[in-house]
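Inspection log for the structure reproduced underneath, given as structure tokens.
In the numbering used here, the protein residues as written are 84 to 153.
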């Protein structure tokens, strides 16, 4: 009896591209399940204080633009 063929990649690329190879859909909020608790705690503090930095930056920009206009 003849040996049988073990593997071939023939036609696989054609089949894969027939409907297009799509990237996985990006979700707005990815799951944090199973992530490092220390990292998640730090993320929470970073999110909490993120807007304070933005507010102080916008105040400085307004102040600088007022000086520029004067």
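Yeah, the Cβ is synthetic: ideal placement off N, Cα and C, and Gly gets one too.
- Bounds of the alpha helix (DSSP H) holding residue 100 are 95 to 101.
- Just so you know, the alpha carbons of residue 89 and residue 117 end up roughly 39 angstroms apart.
- In this structure, DSSP gives residue 132 a helical state, which the three-state scheme calls helix.
- Here residue 150 carries a helix assignment [DSSP, helix/strand/coil].
- Here the alpha carbons of residue 109 and residue 100 stand approximately 21 angstroms from one another.
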